[in-house]
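> Chains as they are written, first to last, in our numbering: chain A, 31 to 193; chain B, 31 to 193; chain C, 31 to 193.
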Amino acid sequence: MSASEREIPRDWFRAIAVFDSAYCRCIDEDRLEKWPEFFVENCRYRITSADNFRQKLPIGLIAATSRKMLIDRVTALRRANIYEEQRYRHIVSQPTILEEHTDGASSETGFLVARVTPRTSPEVFATGSYRDRFTVVGGVLKLAERIVVCDSSRIDTLLALPL
Amino acid sequence: MSASEREIPRDWFRAIAVFDSAYCRCIDEDRLEKWPEFFVENCRYRITSADNFRQKLPIGLIAATSRKMLIDRVTALRRANIYEEQRYRHIVSQPTILEEHTDGASSETGFLVARVTPRTSPEVFATGSYRDRFTVVGGVLKLAERIVVCDSSRIDTLLALPL
Amino acid sequence: MSASEREIPRDWFRAIAVFDSAYCRCIDEDRLEKWPEFFVENCRYRITSADNFRQKLPIGLIAATSRKMLIDRVTALRRANIYEEQRYRHIVSQPTILEEHTDGASSETGFLVARVTPRTSPEVFATGSYRDRFTVVGGVLKLAERIVVCDSSRIDTLLALPL
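(1) Using beta carbons (cut-off 7 Å, strictly below), is Asp181/A in contact with chain B?
(2) Ignoring anything shorter than 4 residues or poking outside the region 36–99 of chain B, list the alpha helix (DSSP H) runs there in chain order.
(3) Tell me the rounded alpha-carbon separation between Thr147/C and Gln116/C.
(4) Identify which residue in Thr150/A, Val167/A, Leu173/A, Val154/A has its Cα closest to the Cα of Arg161/A.
(5) DSSP three-state call for Asp181/B: helix, strand or coil?
(6) Check whether the Cβ of Arg61/A sits closer than 6 Å to any heavy atom of the ligand ZN, and report yes or no.
(7) Just by C-beta distance, which residues in the region 137–169 of chain C are closer than 9 Å to chain A?
(8) Buried or exposed: which applies to Gly140/A, given that a residue is buried once 16 or more other Cβ atoms fall within 10 Å of its Cβ?
(9) Tell whether a beta-carbon distance below 7 Å holds between Phe43/B and Ile127/B.
(10) Are the beta-carbon atoms of Trp65/B and Cys54/B separated by less than 7 Å?
(11) CB Glu153/C to CB Arg145/C, shorter than 7 Å?
(12) Which residue from Ser96/C, Gly134/C, Thr105/C, Ala106/C puts its Cα closest to that of Asn72/C?
(13) So which residues on chain A does Ser51/B lean against when the C-beta distance must stay under 7 Å?
(14) Taking Phe43/A as the query, report the chain B residues whose CB atoms sit under 7 Å from its CB, ordered along the chain.
(15) Alpha carbons only, please: which of Gly168/A, Ser159/A, Ala110/A is nearest the one belonging to Ser197/B?
(16) What does a CB cutoff of less than 7 Å around Ala47/A pick up in its chain, not counting 5 residues either side in sequence?
(17) If you draw a straight line from the C-alpha of Ile177/A to the C-alpha of Arg76/A, how long is it?
(18) Quick check: what's the CA-CA separation for Val79/C versus Met99/C?
(19) Give a yes or no on whether 7 Å exceeds the smallest Cβ distance from Arg23/A to chain C.
(20) Check the DSSP bridge columns for Ser159/B and list the partner residues they point to.
(21) Ser32/A to Ser137/A, Cα distance in whole Å?
(22) Counting only beta-carbon atoms, is Arg176/C nearer than 7 Å to chain B?
(23) Just mark Ala105/C as buried or exposed, buried being the case when its beta carbon has 16 or more other beta carbons within 10 Å.
(24) Specify the secondary structure class of Leu191/C as computed by DSSP and reduced to three states.
(25) Do Phe49/C and Leu171/C come within 7 Å of each other at the CB atom, strictly closer than that value?
(26) Going by the DSSP bridge assignment, what does His120/B pair with across the sheet?
(27) Starting from the beta carbon of His120/A, find every residue of chain C whose beta carbon is closer than 9 Å, and list them in chain order.
(28) Between which two residues does the beta strand (DSSP E) carrying Glu129/C extend?
(29) When you check each C-beta in the region 78–98 of chain A against every C-beta of chain C, which residues fall closer than 8 Å?
(30) Whole angstroms are fine: how far does the CA of Thr150/C sit from the CA of Ile92/B?
(31) How big is the Cα-Cα spacing for Ala135/B and Lys86/C?
(32) Helix, strand or coil for Thr150/A? Go by DSSP, reduced to three states.
(33) Identify the residues that DSSP records as bridge partners of Val167/A: which are they?
(34) Taking 6 Å as the limit between beta carbons, can you name the residues of its chain near Cys180/B, skipping five residues before and five after?
(35) Check whether chain B comes within 7 Å of Arg117/C, counting only Cβ atoms and requiring the distance to be less than that.
(36) At a CB-CB cut-off below 8 Å, which residues of chain A make contact with Arg76/C?
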């Protein structure tokens, strides 16, 4: 994130596009340890399905209520060595800004994630939308909340890396 | 679309990116009734294949010459209840601006649409490019024409939701 | 590329997004002869796999060290008539700017390429990231280097059109 992004953005559309680009690169280039830094300390991160989300079922496939839980998840993933078996490639749309304040914004952004393993061609693994609340901490844009709403309900068994 | 977009854009690249983000979200989040509002009254909307487009065959898979025809199509889709069976996820590229005037612009934008049904994993359903003419009506960016040129000719039988 | 992009960009994020949009359209719309013009004369262009890239193996699937070699490649492709058999559709993420100078920038950009043939539905052909060095020649943004790092190693046999 360049110097020009290190203050409260006047242009949320652009700031969130820059943010998402770095977020996806962090996961796809296997820098998982950096992933929790995209969130505030007392963040909310959840992966759920569109069906569950519509019915307002509170618990999804993964639910974290602090950055510490995200760090623990990365540690667990590293122990399991799953990251050597598969890689993701996130392709995100441009965000739609739903609300903006002086110190934060909420937005929705479509995504597609392809999964690649050493022995197979890439395939579409998940599609859906990020339902986000952004805030600014110390001049840096962070996620206060990211709800990952997957279009399909058939995602649980394979789920491993963050979305 | 935020207040800052509600005038004739000086920055078409950005304005069209914002527009496409909202357009795709409208379809993917099942707000089909809002879809015709992205077009002017006497709009042209057409879905065709690259082969047909190259040969300048006039009629595509779908051809509408007014917003009213788009509204009728949504009504028909709702009656058929197809929207419960499948969902789309549009991922669009950034636009390429081909021409720009004070009150409009034409552009081309690549897209990929994944299809998701409750029982299946997401799969690539269609790829292609939007050939667009944009104009501004009452301070709001609208499509005067969107020709959806699908790369593959094998798309007709499954076609249901708007692209 | 509009007039406003024809000088040294102050906004690399945007300039590269505009560039990539035109680059992908050039390939996907079968204007291959224009493709070498996106590079400087003494450019480096390489396609490799993430595995090879990580092990710093110097040679990839394709390696060109001048624009002339890119032109030769297009000529060979035209002779082989492969372009009639398959088409690509590039979907690129927003870039992440890694370094920026007054006269250049380096960046990384995720991509997904779908392949379409007349007889088949589109399928994900390749995913990966562009590792780029941009420079400005005569007021126009050009690639000094593009290393196409494919996520999967299973890409060689089908490879034909530029990525």
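Glycine included, every Cβ here is placed at the ideal spot set by N, Cα and C. None of these values were measured; they are calculated from a predicted model.
Quick look at the numbers:
(1) yes
(2) 42–58, 80–84
(3) 4 Å
(4) Leu173/A
(5) coil
(6) The model on display carries no ligand, and the ligand ZN is accordingly not part of it.
(7) Glu138, Thr139, Gly140, Phe141, Leu142, Glu153, Val154, Phe155, Ala156, Thr157, Gly158, Ser159
(8) buried
(9) yes
(10) no
(11) yes
(12) Ser96/C
(13) Ser123, Gln124, Pro125, Thr126
(14) Val48
(15) Look at the range of chain B in this structure, 31 to 193, and you will see that residue 197/B is not part of it.
(16) Gln124, Pro125
(17) 5 Å
(18) Reading off the sequence shown, one finds Ser at residue 79/C, where the question assumed Val. Distance between the alpha carbons of Ser79/C and Met99/C: 21 Å.
(19) The structure shown has nothing for residue 23/A, since chain A only spans 31 to 193.
(20) Gly140/B, Val179/B
(21) Model confidence at Ser32/A stands at a pLDDT of 46, short of 50, so the residue's coordinates are unreliable and nothing is read from them.
(22) no
(23) One detail in the question is off: residue 105/C reads as Thr in this sequence, not Ala. Thr105/C is exposed by the Cβ-count criterion.
(24) coil
(25) yes
(26) Val143/B
(27) Ser123, Gly140
(28) 126–130
(29) none
(30) 21 Å
(31) 45 Å
(32) coil
(33) Val170/A
(34) Ser79, Ala156, Gly158
(35) yes
(36) Those do not exist, as Arg76/C stays about 18 Å from chain A at its closest Cβ, beyond 8 Å.
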